[in-house]
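To keep things clear, I will list the structure first and then write my remarks on it.
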Amino acid sequence: MKKALSLLVFSMLISLGVTAWGAEKTIKLGVIAELTGDMPAVGASCRNAAEMAVKEINAAGGLQVGKEKMKVALVVEDNAGKADQSAAAAQKLITQDEVAAIVGPNASRYAIPASEIAESSETVLITPWSTNPKTTLDTNTNQPKKYVFRACFIDPFQGGVLAKFALEKLKAKKAAVLYDVASDYNKGIAEVFKENYEKLGGKIVAFETYTTNDKDFSAQLTKIKDAKPDVIFLPNYYSEVPLQVQQAKRLGITVPFIGSDSWGSNELLTLGGADLNGYYFSTHYAADNAAPVAKKFIADYEKAYGVKPDDVAALTYDAFGLLFNSIKNAGKADRESIRAALSTLPSYKGVTGDMKFQADSRDPIKSAVILQIKDGKFTYFTNANP
Numbered sequence: 001m002k003k004a005l006s007l008l009v010f011s012m013l014i015s016l017g018v019t020a021w022g023a024e025k026t027i028k029l030g031v032i033a034e035l036t037g038d039m040p041a042v043g044a045s046c047r048n049a050a051e052m053a054v055k056e057i058n059a060a061g062g063l064q065v066g067k068e069k070m071k072v073a074l075v076v077e078d079n080a081g082k083a084d085q086s087a088a089a090a091q092k093l094i095t096q097d098e099v100a101a102i103v104g105p106n107a108s109r110y111a112i113p114a115s116e117i118a119e120s121s122e123t124v125l126i127t128p129w130s131t132n133p134k135t136t137l138d139t140n141t142n143q144p145k146k147y148v149f150r151a152c153f154i155d156p157f158q159g160g161v162l163a164k165f166a167l168e169k170l171k172a173k174k175a176a177v178l179y180d181v182a183s184d185y186n187k188g189i190a191e192v193f194k195e196n197y198e199k200l201g202g203k204i205v206a207f208e209t210y211t212t213n214d215k216d217f218s219a220q221l222t223k224i225k226d227a228k229p230d231v232i233f234l235p236n237y238y239s240e241v242p243l244q245v246q247q248a249k250r251l252g253i254t255v256p257f258i259g260s261d262s263w264g265s266n267e268l269l270t271l272g273g274a275d276l277n278g279y280y281f282s283t284h285y286a287a288d289n290a291a292p293v294a295k296k297f298i299a300d301y302e303k304a305y306g307v308k309p310d311d312v313a314a315l316t317y318d319a320f321g322l323l324f325n326s327i328k329n330a331g332k333a334d335r336e337s338i339r340a341a342l343s344t345l346p347s348y349k350g351v352t353g354d355m356k357f358q359a360d361s362r363d364p365i366k367s368a369v370i371l372q373i374k375d376g377k378f379t380y381f382t383n384a385n386p
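In terms of UniProt numbering, the sequence shown has 316 at position 316, counting the first letter as 1, and numbering is strictly consecutive.
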């Protein structure tokens, strides 16, 4: 009888994402990151920040859950930069590893399919970096998903910030856009930028597309050159932008380029070099204009990994902060209690700034920053508030 009861209790703990090892209970949390594939720098930043957040909480004795402290065990899955593997990774973490919650994926084209699995499995998923509204929205009901949250702002806000910046700060009356039509993120923010730019009085003179993994952009860039824009918007990933800018310059295009938060990886500087000097992009935080809580995170990350944390690292750290805070508030570590606590969290002070949540939304209200690339570094330029 006692043996049967022990097995029953063990099974219940597993279903809650909690494992008992002797007298110590452990909460299992999952991470889905782009460790291989088209954006490995994004995956590395996500994994690094996740491991750092967990190491810190465990070094302090574990996470306070009710009257006891529990150690956190991290289970990391690589989605290989593929939508189907993102969904499969979410399924594995939920059904096989039985995690209490998931952080990631980051890119919207991978976060959206993973979010569908999490929602249908009633497991919390927080994406650090996915700004496409579809990630947290149930497209069938047009209502927020119950179990999917994010740590970043969304594209309707970011696209508006960039449109206003191009017109008011850069005095660019005509803009061109080149974007990946097959990617949810690129396509979504390109359309938002166009809508806002035209609404504010600007003129889109070229709106050119390509498909994921294309390497030759000369045909699209020739059309853009002929349209004579004052600025070119590239809402594309760090692995694509340097090649696009280099090909544009070879064609004699001299107008400035602007970008979105997908430019935020340090790898952009390595790949783009001097070709990107002077250009601007919107993102989530500025390492050189950080608040005290962010300065500590930046110093600790640099000490651990030898590089400054990019926006993905900072947002991943904030995603774990949101998760830890919610588990503490709930006093429980089961999936439903975590969801309920996250859903009622009014605000959170993170390394990427203050976040405010509304009861009917899974998307935080927070500021953006504009960075300029100067002398091979990301440099704070200005804030953009909601």
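Glycine included, C-beta positions come from ideal geometry on N, C-alpha and C.
>> Could you pull the DSSP bridge partners for residue 144 from this structure?
In response: Answer by DSSP bridge pairing, in chain order: 137.
>> Comparing C-alpha positions only, which one of 102, 127, 121, 99 sits nearest to residue 111?
In response: 127
> Between residue 242 and residue 271, is the Cβ-Cβ spacing less than 8 Å?
Replying inline: yes
>> Per DSSP, what are the beta-bridge partners of residue 373 in this structure?
In response: 378
>> For residue 302 and residue 264, what's the separation of their Cα atoms in angstroms?
In response: The straight-line gap from Cα to Cα measures roughly 17 Å.
>> Could you give the first and the last residue of the continuous alpha helix (DSSP H) run that contains residue 247?
In response: 241-250
> Around the C-beta of residue 366, are 16 or more other C-beta atoms found within 10 angstroms, so that it is buried, or is it exposed?
Replying inline: buried
>> Quick check on DSSP: helix, strand or coil for residue 122?
In response: coil
>> Just to check my reading of the structure: residue 190 and residue 177 have Cβ atoms closer than 8 Å, yes? What is that Cβ distance to the nearest angstrom?
In response: 5 Å
>> Is the beta carbon of residue 262 closer than 8 Å to that of residue 158?
In response: no
>> By DSSP's criteria, residue 64 is part of a beta bridge. Which residues make up the other side?
In response: 69
> Does DSSP classify residue 196 as helix, strand or coil?
Replying inline: Helix.
> Taking one C-beta from the segment 279-290 and one from the segment 366-378 each time, how about it: are there three or more such pairs within less than 8 Å?
Replying inline: yes
> Sorted by chain position, which residues of the same chain lie with C-beta nearer than 6 Å to residue 399's C-beta, five sequence neighbours on each side aside?
Replying inline: This structure gives no information on residue 399, because the portion of the chain shown stretches from 1 to 386.
> When you compare only the Cα positions, how much space is there between residue 292 and residue 160?
Replying inline: So the two alpha carbons sit approximately 29 Å from each other.
> Going by C-alpha distance, which of 314, 340, 380, 337 is nearest residue 42?
Replying inline: 314
>> Using the three-state DSSP reduction, which class does residue 283 fall into: helix, strand or coil?
In response: Collapsing the DSSP output to three states places residue 283 in a strand.
> Using the beta-carbon count (16 or more within 10 Å), is residue 181 buried or exposed?
Replying inline: exposed
>> Under 8 Å: do the segment 50-62 and the segment 87-94 share three or more Cβ pairs, one atom per stretch?
In response: no
>> Quick check on DSSP: helix, strand or coil for residue 106?
In response: coil
>> What would DSSP say about residue 34, mapped onto helix, strand or coil?
In response: coil
> What three-state label does DSSP hand residue 130 in the structure shown?
Replying inline: DSSP places residue 130 in coil when its eight states are reduced to three.
> Looking at the structure shown, is residue 25 part of a helix, part of a strand, or coil, going by DSSP?
Replying inline: strand
>> Measuring only the C-alpha atoms, how far is residue 384 from residue 197?
In response: For residue 384 and residue 197, the distance between alpha carbons rounds to 16 Å.
>> Quick check: the Cα distance between residue 277 and residue 269, rounded to an integer number of angstroms?
In response: 9 Å
> Rounded to whole angstroms, how far is the Cβ of residue 104 from the Cβ of residue 31, which I believe are closer than 8 Å?
Replying inline: 5 Å
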